[in-house]
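Worksheet: the structure to be examined is printed underneath.
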Amino acid sequence: MSTATLTEAPVPTLSLADRLNAVLQNQGERTLGLLDRCDSCSQHAQAEFTFLLPQNDGTVTESEIMLCGFHTRAHVAAIMERNPVGVWIEPSILWKIKGVEVPKQEHAKSGDGLTDA
Ligand SMILES: [Zn+2]
506 MSTATLTEAP
516 VPTLSLADRL
526 NAVLQNQGER
536 TLGLLDRCDS
546 CSQHAQAEFT
556 FLLPQNDGTV
566 TESEIMLCGF
576 HTRAHVAAIM
586 ERNPVGVWIE
596 PSILWKIKGV
606 EVPKQEHAKS
616 GDGLTDA
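Residue numbers for the sequence shown follow the working numbering, so the first one is 506 and each next one is one higher.
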């Protein structure tokens with residue numbers, strides 16, 4: 506008689522910061538414009554999450570959630586747990602989240618600012 510083990514190999518779980526760092530490293534250019542607004546308030550959208558929603562007829566519908574910086578930080582942990590198929594986040598809004606590596610803003614100007622050189 507064999508004793509089959511019920512324990513499976515542990516699924517590697519990434520921390521929220523690790524997942525967000527992966528998103529920031531792999532996402533493309535910003536596509537959100539000034540007309541894209543937060544779904545929870547009237548602020549400009551700073552993040553977009555895409556989910557696949559199974560419908561009653563067996564098809565799958567793609568649906569987006571857009572959030573401002575405030576509502577992204579408020580809900581990003583719960584949203585990422587639900588495995589969105591698409592994520593785009595403005596990097597600068599994540600600087601308050603511990604462990605997230607936000608790229609430095611480029612404020613340095615080339616030249617002396619007086620000439621085109
Ligand atoms: Zn909002």
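All residues carry an ideal CB built from backbone N, CA and C; glycine is no exception.
Assuming the contact rule is C-beta atoms closer than 8 Å, residue i and residue j should be a hit. Round their C-beta distance to whole Å, please.
| i | j | result |
| --- | --- | --- |
| Gly591 | Ser520 | Their Cβ separation, rounded to whole angstroms, is 21 Å, which puts Gly591 and Ser520 out of contact at 8 Å. |
| Leu525 | Gln551 | Not quite, the Cβ-Cβ distance comes to about 13 Å (not below 8 Å), so this is no contact. |
| Gly574 | Glu595 | 7 Å |
| Asp544 | Ile570 | 6 Å |
Could you give the distance in angstroms between the alpha-carbon of residue i and the alpha-carbon of residue j?
| i | j | result |
| --- | --- | --- |
| Asp523 | Asn531 | 12 Å |
| Ile598 | Glu553 | 13 Å |
| Leu537 | Ser568 | 15 Å |
| Leu558 | His576 | 22 Å |
| Gly563 | Phe556 | 16 Å |
| Pro608 | Leu529 | 9 Å |
| Gln548 | Arg578 | 14 Å |
| Arg587 | Ala527 | 16 Å |
Could you give the DSSP three-state label for residue i: helix, strand or coil?
| i | result |
| --- | --- |
| Ala574 | Checking the sequence, you will find Gly at residue 574 rather than Ala. Three-state DSSP puts Gly574 in a helix. |
| Arg524 | helix |
| Ser568 | strand |
| Ile594 | strand |
| Glu553 | strand |
| Leu558 | strand |
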